[in-house]
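Participant: Residue numbers (this note's numbering), protein chains in the order written: chain A, 569 to 690; chain B, 4 to 488; chain C, 221 to 914.
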């Protein structure tokens, strides 16, 4: 019974390792190999190119949102493709054509956004 | 799973509409602004074909598709025909308005057609998920359409309100649906009904809990008090064609949606939802009619009038039998036509830089444009429920069903409220016929085709009022065939 | 084309014309407006004639529902047609006279700015009248009844800028409300006791209810049939202007002359007669009601004739003669001679329309001067008008071989044979009426067409402006000459003159004695023997003329004509002397004031009504209605709107808050009910309030 939860335990362990190991490595290896010359910029937390501590209501380009939304859409598409690819043998032609229809619809959207210039930054 | 077991042909009109809308979306990219008329006529052609497919696919017996996710029964098919007509009227009446205000774009057409697709899916959905997907497709298209004039402060404000409140209502609805699933372990409307009513296996407490939220979601879509707050602001802020779109066809979708959720899924809980709808209807009739009197903007007045009409629609539904449902269906169909005609006249009078949305803009219309003053007179009489106009018959049918149920007080209340309501409709007539026009006569917008269609639309209000029986019989039969009662 | 389509087309063709002329008149112009309406009525007339022919050649009468508008608690509101010979005859009369009037109007209304509107109205009237006569149920009858009334008010007030016209309009409306009130009560009784509003059902059931009594006040029982029939007849009294509801008809002459001919002479005012004839299966069951009808008719026939003698307005003379003739028809109804009433209705429609249109032609010739004292000698200038008017007058007074002779003599004979209590008085009234009719008809005829050309005398012009205060009345100047009217005016006169002369001779035998109305009009031949006895005496139209030479009416008519000749052509001093005599004893004043009926209504009923109204207004209206209901409603509206405005702030979070509160309220109440938080009593009480049946 309990062994059914083994994958979850494994997942937890791997997750922790993935999080902790680089930190330890960076800290340990850096201590051994690197020089340590900190300044204010180096010590501040990194936040995607933005200032970390300032007024949260700052303005930035709305085009970021557009790109982000479009990215999420097509990113999710890939997320659907993975499980589909795994069971493609079982669902056969029906599954294949269904996914093709799904992709075709996405392509329509893609063509539309491209033609509308949503992918041009300037 | 095989192709034939999908029964996809049942959804042929939807599939066609979807493909055609995608095609319009892409084709429009290659059309210059000057030749946008191509998109316009192509969209109308698509609507005609969709309508023809619907009529051809009419079957008395319900046809299921996509593993009982989708049903084409007479109720859905007729509602969909009504929606197609409603959207076609929006496109016809709205063309010159849109052209004058820089929103004569491909998006107007693709979004309107997608919203129609959403409505059609709502009408045909027989599974909670399909219902929700249809609702969201409709809502998202409408949010975008309301914001179509993105440089107009009113439009964006209205879109924002509509979106936020709509999202809240969608959330409530979804929450209610999840409760229903929790209570019955099924998403299929017919199975839910089976478990709640016949097998008594569902959890009634959970189902009641879900029901409250489902009714909340429905009330929001219909714009029933106290979930009506978005209606006046959105009606006033949206471009008039979009107001017409929101005010006409989706009411039919909401009707079908309500029938699926309340009359079919929650049939065993009729006393519960009936009493909820009584509250909603009473509040809507009162607030809608009493507040409309104080309005000076005709779009806002129409908004409150919609609220009161939805009160009437709820009266028909809450009766909870075939007579009530068909009366409500009749009400929804005829209200759709009446509202479309009303907004059509508003748009015909509007032109660049002039919205024709103040009541004072209608002073002396009988002097300046006698024909369309007469047409608006028909609309107002029909909305007020003056005999021989269709609005009278629709109200009568609903009230008769309510009285047959034994709720005389409710019918009396509804009559009293519509008498108060008659005041503000007739005030428009008074402004048109007995007041002096303000300033010089303005030319009408819209081409001859628009005017002819609008005139036929208005005359239909009188025509159906004189010969209501065929339509009522058709709708009654549709309800009888569709509901397993 | 099957017959049902034809029946539908007959009323719809004029309606179509009315709609086109009314809604699009401004766009299509005068010519198209009169073409389309005349076309509609012509189609309608042709089809009506075809229907009549169809029925005469043995076709089946039609009785069926064309369309069910709605059903409320088992009572259907139908559009249905009952087309039998009575209907067919009425249809032909209505459409023929209407067609003539349409053509005539082209000439008469030539210069009027409301030309298209007028054509639209008269076509609409034709439609309404056809719906009325073709009805097979009381609802449609009532709607047709109100619709013809409505168009009639619109037309009386057609020249709405004249104060006299609007007053006449109001008067007609108010007086007809009294009649309609009775009519509606009658229909209500029919519905209550017969359970149906369909003619056939009601008539079939009538004999069963013959002896039913109803209690109106405790202690007094009434025969149901008598009450119902009298109430229905009160409606007819309003519409057919029977004493004492006749006061609106003379004033209705303020309307344009074509409608006086069409509505206030030939068709609408005979609707009451038609209705009683149609209801003969019910009226036959109540001698009380028949006697009431008879006496009312006799009073109208005689006393309205007297008033015709002193009138000086050419149209008013004809109007009083119409009242008197309607009285004759009512008398015929009263003695169960329904077919005779219908026969007189038909002949009267032709010759009275002719007389009115002739009067109209004279008015055109006199440049809208209507005072017969200013006319004279017109026969030289207007020969066609003269000849046709003479024929019409001869028909009216009952000259042998003319249409009026056959119908009027039949009425007098029927009254003679009647055994009802009121028949003695009625017989006297109709006999005396013959003399009076002949006298005023020929007084007018001689004053208008013979004698001196009085418009050349000075002084009448100013007088006219006082009378009417309207710039329509020009009158001829001393040096003007009247001209014959254009052909569109004279052609209808000629076409109407033909039936006015011959229709009586041709139609009397089949209509009265040849079984034309078999199965349509029912007469109880055992108790009401007049028709039977007349049939025994009748030996053909020729024999009737020879017989007439041995009876009183003919000599009375001759005496009337002779008296008029002597008084107004030979020795005009005689009437002046008589006038002085009657003025001295006060009779003249009584006649001038029309038996003080208007005074009674205006200073009596209307003033009393106003007094009651003032009290009700002060107490009921100002205090209760204004204070409580109107102001209360306004306050309620103001309160609700301000409350709503306070909530409808425009802020999303307020809106969202309202939604959430609403949802929470729903959850509290309905989950609470499910969980029993409020106790079962409260829940039961709420449920009981919401749905009593549950």
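Note that CB positions come from ideal geometry on N, CA and C, so glycine has one too.
#1: Any beta carbon of chain F sitting closer than 9 angstroms to that of residue 654 of chain A?
#2: Could you name the residues that DSSP lists as bridge partners for residue 433 of chain C?
#3: Run through chain B and tell me which residues come within less than 7 angstroms of residue 683 of chain A, C-beta to C-beta.
#4: My understanding is that residue 159 of chain B touches residue 172 of chain B, with C-beta atoms under 8 angstroms, so please give their C-beta distance in whole angstroms.
#5: Just verifying my parser: in three-state terms, what is the DSSP assignment at residue 587 of chain A?
#6: Apply the 10 Å Cβ neighbour rule to residue 355 of chain B and answer buried if 16 or more other Cβ atoms are within range, or exposed otherwise.
#7: Report the CB separation of residue 346 of chain C from residue 318 of chain C in whole angstroms; it is logged as a contact under 8 angstroms.
#8: What is the DSSP secondary structure of residue 389 of chain C, reduced to helix, strand or coil?
#9: Where do the N-terminal and C-terminal ends of the beta strand (DSSP E) with residue 66 of chain B fall, by residue?
#10: Using a Cβ-Cβ distance cut-off of 9 angstroms, determine whether residue 42 of chain B contacts chain A.
#11: Where does residue 275 of chain B land, buried or exposed, given buried means 16+ other C-beta within 10 angstroms?
#12: Between which two residues does the beta strand (DSSP E) carrying residue 75 of chain B extend?
#13: Does DSSP classify residue 737 of chain C as helix, strand or coil?
#14: Nearest to residue 864 of chain C by CA position, among B:267, B:297, B:357, B:108, is which residue?
#15: To which residues of the same chain is residue 222 of chain B closer than 6 angstroms at the C-beta, ignoring the five residues directly before and after it?
#16: Enumerate, from N- to C-terminal direction, the unbroken alpha helix (DSSP H) stretches of 4 or more residues contained entirely within the segment 89–164 of chain B.
#17: Rounded to the nearest angstrom, what separates residue 31 of chain B and residue 112 of chain B at their Cα positions?
#18: Distance check for residue 57 of chain B and residue 80 of chain B, CA to CA, integer angstroms please.
#19: Which residue's Cα is closest to the Cα of residue 418 of chain C: C:393, C:775, C:300?
#20: Looking at the structure shown, is residue 303 of chain C part of a helix, part of a strand, or coil, going by DSSP?
#21: Does the separation of the CB atoms of residue 294 of chain B and residue 861 of chain C fall below 9 angstroms?
#22: Please name the residue in C:281, C:275, C:267, C:288 whose C-alpha comes closest to that of residue 314 of chain C.
#23: Beta-carbon separation of residue 97 of chain B and residue 243 of chain B under 9 angstroms?
#24: With which residues is residue 533 of chain C paired in a DSSP beta bridge?
#25: Between which two residues does the alpha helix (DSSP H) carrying residue 897 of chain C extend?
#26: So, are the CB atoms of residue 623 of chain C and residue 720 of chain C less than 9 angstroms apart?
#27: Would you check if there are 3 or more beta carbon pairs closer than 8 angstroms linking the segment 553–565 of chain C to the segment 508–521 of chain C?
#28: Using the Cα positions of residue 591 of chain A and residue 874 of chain C, report the straight-line distance between them to the nearest angstrom.
#29: Can you list the residues of chain B that residue 876 of chain C reaches, using a CB-CB cut of under 8 angstroms?
#30: First and last residue of the alpha helix (DSSP H) that includes residue 178 of chain C?
#31: Whole angstroms is fine: what's the gap from residue 362 of chain B's alpha carbon to residue 333 of chain B's?
#32: How is residue 284 of chain C classed by DSSP in three states: helix, strand or coil?
#33: Could you check if residue 474 of chain C is buried or exposed, using at least 16 other CB atoms within 10 Å of its CB as the buried criterion?
#34: What residues from the segment 577–591 of chain C come within 7 angstroms of chain B, judged by C-beta to C-beta, listed N to C?
#35: Return no unless some Cβ of chain C is closer than 9 angstroms to the Cβ of residue 2 of chain B.
#36: According to the Cβ coordinates, are residue 360 of chain B and residue 301 of chain B closer than 9 angstroms?
Facilitator: Taking the coordinates as given:
#1: Among the protein chains in the structure shown, which are A, B and C, there is no chain F.
#2: The residue labelled residue 433 of chain C in the question sits at position 213 within the third chain. Note: residue 433 of chain C sits in a beta bridge opposite C:443.
#3: As a first step, residue 683 of chain A must be located in the first chain, where it is residue number 115. 32, listed in chain order.
#4: Here the question's residue 159 of chain B lines up with position 156 in the second chain. Here the question's residue 172 of chain B lines up with position 169 in the second chain. Rounded, the Cβ-Cβ distance is 20 angstroms, inconsistent with contact.
#5: As a position in the first chain, residue 587 of chain A is number 19, starting the count at 1. Helix.
#6: One-based indexing of the second chain puts residue 355 of chain B at position 352. Answer is exposed; the Cβ neighbour count stays below 16.
#7: Position 126 of the third chain holds residue 346 of chain C. Position 98 of the third chain holds residue 318 of chain C. Beta-carbon to beta-carbon, residue 346 of chain C and residue 318 of chain C are separated by about 4 angstroms, close enough to satisfy the 8 angstroms threshold.
#8: Sequence index remark: in the third chain, residue 389 of chain C carries index 169 (1-based). In the structure shown, residue 389 of chain C sits in a helix (DSSP, three-state: H, G or I).
#9: Numbered from 1 along the second chain, position 63 holds the residue referred to as residue 66 of chain B. Per DSSP, residue 66 of chain B belongs to the beta strand (DSSP E) from 66–68.
#10: As a position in the second chain, residue 42 of chain B is number 39, starting the count at 1. Not closer than 9 angstroms to any Cβ of chain A, the Cβ of residue 42 of chain B fails to qualify, so no.
#11: Working through the second chain from its first residue, we reach residue 275 of chain B at position 272. It counts as buried.
#12: Sequence index remark: in the second chain, residue 75 of chain B carries index 72 (1-based). Unbroken beta strand (DSSP E) run through residue 75 of chain B: 73–75.
#13: Residue numbering aside, residue 737 of chain C sits at position 517 when the third chain is read from its first letter. Here residue 737 of chain C sits in coil by DSSP.
#14: On the third chain, residue 864 of chain C is found 644 positions in, with the first residue counted as 1. Comparing Cα positions, the closest option is B:297.
#15: Position 219 of the second chain, counted from the first residue, corresponds to residue 222 of chain B. Cβ neighbours of residue 222 of chain B beyond the five flanking positions: 230, 283.
#16: 109–127, 131–149
#17: Locating residue 31 of chain B in the second chain gives position 28, counting from the first residue. Locating residue 112 of chain B in the second chain gives position 109, counting from the first residue. One C-alpha to the other measures close to 9 angstroms.
#18: In the second chain, residue 80 of chain B corresponds to position 77, counting from 1. In the second chain, residue 57 of chain B corresponds to position 54, counting from 1. If I take the Cα positions, the gap works out to 6 angstroms.
#19: On the third chain, position 198 is the one that residue 418 of chain C refers to. Per the Cα distances, C:300.
#20: For this step, residue 303 of chain C is matched to residue 83 along the third chain. Looking at residue 303 of chain C - three-state DSSP - the assignment turns out to be strand.
#21: Reading the second chain from its first residue, position 291 is the one you call residue 294 of chain B. Reading the third chain from its first residue, position 641 is the one you call residue 861 of chain C. Contact flag set, yes.
#22: Counting from 1 along the third chain, the entry for residue 314 of chain C is found at position 94. Cα-wise, what sits closest to residue 314 of chain C is C:267.
#23: Working through the second chain from its first residue, we reach residue 97 of chain B at position 94. Working through the second chain from its first residue, we reach residue 243 of chain B at position 240. Result yes, Cβ atoms of residue 97 of chain B and residue 243 of chain B sit closer than 9 angstroms.
#24: Counted from its first residue, the third chain places residue 533 of chain C at position 313. Its beta-bridge partners are C:591.
#25: The residue you call residue 897 of chain C lines up with position 677 of the third chain. Careful: residue 897 of chain C lies outside any alpha helix (DSSP H) and carries neither H nor E.
#26: Here residue 623 of chain C refers to the residue found at position 403 of the third chain. Here residue 720 of chain C refers to the residue found at position 500 of the third chain. Yes. Within cutoff.
#27: yes
#28: Your numbering for residue 591 of chain A matches position 23 in the first chain. Your numbering for residue 874 of chain C matches position 654 in the third chain. Looking at the two C-alpha atoms, the distance is approximately 48 angstroms.
#29: In the third chain, counting from the first residue as 1, residue 876 of chain C sits at position 656. By Cβ distance, chain B contributes 167, 168, 171.
#30: The requested residue 178 of chain C is not part of the displayed model; chain C covers only 221 to 914.
#31: As a first step, residue 362 of chain B must be located in the second chain, where it is residue number 359. As a first step, residue 333 of chain B must be located in the second chain, where it is residue number 330. Rounded to whole angstroms, residue 362 of chain B to residue 333 of chain B spans 29 angstroms at the Cα level.
#32: Stepping through the third chain from its first residue, residue 284 of chain C is reached at position 64. It is a strand residue.
#33: For the purposes of this step, residue 474 of chain C is identified with residue 254 of the third chain, where counting begins at 1. Residue 474 of chain C should be labelled buried.
#34: none
#35: Since the displayed chain B opens at 4 and closes at 488, residue 2 of chain B lies outside it and no answer follows.
#36: One-based indexing of the second chain puts residue 360 of chain B at position 357. One-based indexing of the second chain puts residue 301 of chain B at position 298. A contact, by the Cβ cut-off of 9 angstroms.
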